[in-house]
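What follows is a set of notes on a single structure, which appears directly below.
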Amino acid sequence: MNFLAHLHLADHCQSHLAGNLLADFVRGDPYRQYTPDVAAGIRLHRFVDGFIDSQPEVRAWRRAFPPHIRRVSGIALDMIWDHYLARHWQVFHDLPLAVFVRQAQKEVEGFGETEPEDYRQLTQRMWQQAWLIQYQQVGSIHQALERMAIRRPKLSSLAACPPFLAGHYQELEHSFFILYPRLMDASRTFWLAHKDNLLHPE
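Quick note: the sequence shown uses the working numbering, first residue 879, plus one each step.
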């Protein structure tokens, strides 16, 4: 799952939005670097990533990618899941997408702790260029993959992923509607089961 899904799941669990968004930029024990509420959000993000990667549908889709782009299939899938979430947002949240994004931006920009520079630059671009709103259009996902391929040479094969995603658009959408409610339930269960320990570590 990508930025929109992590923000949505944080909201769904009433977890720290900035912590969930920050997680990919934090290595090691987050409790040594951030306050417990932020660190707990990072832990929720990590749970989400591990859970979705373990699902049989996701594993099957990763095997379905052609060999020359299979290595980056996880990134491409994370992006396309965010597209389906944005496209069908009204199914999963009571607020309109634009309102949710504005509220999330306000909360994330009010984050008062240390931010890695690459995270700060990325989130600035994300808000300024309205990525989360643009995710509603599948073409914006294709363009994002192509831009990542240019910026990060090790991920250059991402540029070859859009044709595969386009060719399996409806099947992937069907998988999303199986996976995402399952992920919402699992995330909420994890959060409620571990919330006290996450927010009040010994």
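Every residue, glycine too, gets a C-beta built ideally from N, C-alpha and C.
Just to confirm, is the Cβ distance from residue i to residue j under 9 Å?
i       : j       : result
Asp889  : Ala982  : yes
Leu1000 : Ala883  : no
Trp1009 : Ala1022 : yes
Asn880  : Asp960  : yes
Phe1162 : Ala1064 : It is not possible to answer for residue 1162, since the shown part of the chain is limited to 879 through 1080.
Ala950  : Leu1033 : Rather than Ala, the amino acid found at residue 950 in this sequence is Val. Closer than 9 Å, so yes.
Leu1077 : Leu887  : no
Is residue i near the ligand ZN, in the sense that its beta carbon is under 8 Å from a heavy atom of that ligand?
i      : result
Asp996 : For the structure depicted, the ligand ZN is absent and the ligand set is empty, with no information on it obtainable.
Once you ignore the five residues that flank residue i on each side, which residues in its own chain have a CB closer than 7 Å to its CB?
i      : result
Phe978 : His971
Arg924 : Ala901
Tyr997 : Leu900, Phe903
Gln911 : Val904
Cys891 : Leu922, Ser1065, Arg1066, Trp1069
Leaving aside the five residues before and after residue i along the sequence, list all residues of the same chain whose C-beta is less than 6 Å from its C-beta, in chain order.
i       : result
Ala896  : Val986, Phe989
Cys1039 : Ile947, Ala954, Leu1023
### Query
Taking contact to mean at least 3 C-beta pairs separated by less than 8 Å, is the stretch 1031 to 1047 in contact with the stretch 903 to 923?
no
### Query
Does the pairing of the stretch 920 to 928 with the stretch 896 to 912 give three or more beta-carbon distances under 8 Å?
yes
### Minimum length 4: unbroken alpha helix (DSSP H) runs contained in the stretch 886 to 962
895 to 900, 914 to 932, 934 to 942
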